[in-house]
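A.B. asks:
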Amino acid sequence: MSAPTSGAAEPRRFAPAERYAELAALGDVELGARMLAAAPTHEGRSPERLRAWARTAIAVGTEMAGDADAAGSGAEARVAESTGGLRRDEVLLAEYRRRARGGTVVLYTDALDYARTVAEAAGWAADFPREAVRAAALDHECAHRLLHGPRGRDLRRRLDHTAAAVGRLRVRGHVVGADEIAAHAYAHRRGRMRRSPLLLTAAVAATLAHAGPPAPAAPASVPSPGGPA
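Printed below as a string of C-alpha cells:
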C-alpha cells in the first residue's frame, strides 16, 4: 500500500487545506480515475474510460471483502514491523514479501506515522486512527494476494481491456493501477471506515508538490515476524 510522495513530514510542508477539501469532495470513483490517470500507460485515455475502470475495480474489491466477511477470513501472512517506508518517490505503508514457506507483510511504522500526520493536517484524524490505518494496510496486502488467483482473472475479464487484436482474436490486457484500486476498496469495506483509504492515499500523494526534495530514508532490517494479520 503506497502513495507517491516525499519523505518530508513537517506540517508546514503539507498541502494547503483547500487541497484536502477538494479531495474530500470527490467520490472513490473519481479518486480512482485520477490514480489511473497518473500512470504513464494511461496517457490519452478518456476520463470516461478511466472512471469505468475505477468503478469496476472498486466493485471487485468490495465483493472480495464481502466474501471474506461472510467466510470470517482475514490475512494469513505473518506480520513484521520496520522503518524505511519513507522513500524518495513514495510513502510505502506495507508490502508483502513472499517466501518459500509462506509470506510476511512488512508494516513500515514511519510511513504509518506520516499518513496519520497527513490525516491530522487534513482534519481527518478521527476518521483515520492509527490502528485503522494499520489494519487498512494489512487488508490492502491481503487483497493483493487474493488478486494473484481467480479474483485477478475476474478483474481483468470485467475490465475488458484489449491489449491486442488480430482478426477475431483478442488479447486481454492488464490495466495498470486497477489492482491498487481494488485493494483500497477491499480495505475500505473490511475496515468499515467512514472515509476511504483512497482518499488518504490521494492526500498523502498531494504532499509531493509541497514537500521539496526528500532525503532518502535509510534502510532498516526487518525484525522477527509477529502474529497473523
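The sequence shown runs 6 to 234 under the numbering used here. By construction, the Cβ of each residue, glycine as well, lies at the ideal position given by its N, Cα and C atoms.
Buried or exposed: where does GLU146 fall if 16 or more other Cβ atoms within 10 Å of its Cβ makes it buried?
C.D. replies: Result: buried.
A.B. asks: Would you please state the rounded distance, in angstroms, between the beta carbons of ALA59 and VAL34? I believe it to be under 8 Å.
C.D. replies: The Cβ separation is near 5 Å, so the contact holds.
A.B. asks: Tell me the residue span of the alpha helix (DSSP H) that contains ARG135.
C.D. replies: Taken as a continuous stretch (DSSP letters only), the alpha helix (DSSP H) holding ARG135 covers 135 to 151.
A.B. asks: By DSSP, does GLY49 sit in helix, in strand, or in coil?
C.D. replies: Three-state result, GLY49: coil.
A.B. asks: Output the distance between the C-alpha atoms of LEU98 and GLY49, rounded to the nearest integer angstrom.
C.D. replies: Taking the straight line from one Cα to the other gives about 30 Å.
A.B. asks: Can you check which of these residues, ARG156, ASP132, ARG54 and HIS153, is closest to GLY196 by C-alpha distance?
C.D. replies: When each option's Cα is compared against that of GLY196, the closest is ASP132.
A.B. asks: Quick check on GLY79: does DSSP put it in helix, strand or coil?
C.D. replies: Residue placement at GLY79 cannot be trusted, given a pLDDT of 48 that sits under 50; what the coordinates show is reported in the next sentence. If DSSP states are grouped into helix, strand and coil, GLY79 belongs with coil.
A.B. asks: Please confirm whether VAL209 and ALA120 have their CB atoms less than 8 Å apart.
C.D. replies: In contact: VAL209 and ALA120 (Cβ atoms closer than 8 Å).
A.B. asks: Would you report the Cα separation of ARG200 and ARG83, rounded to the nearest angstrom?
C.D. replies: About 27 Å.
A.B. asks: Closest to GLY89 by C-alpha separation, out of HIS166, THR61 and ASP118, would be which residue?
C.D. replies: Of the listed residues, the one whose Cα sits closest to GLY89 is ASP118.
A.B. asks: Report buried or exposed for PRO134, applying the criterion of at least 16 other Cβ atoms within 10 angstroms of its Cβ.
C.D. replies: Answer is exposed; the Cβ neighbour count stays below 16.
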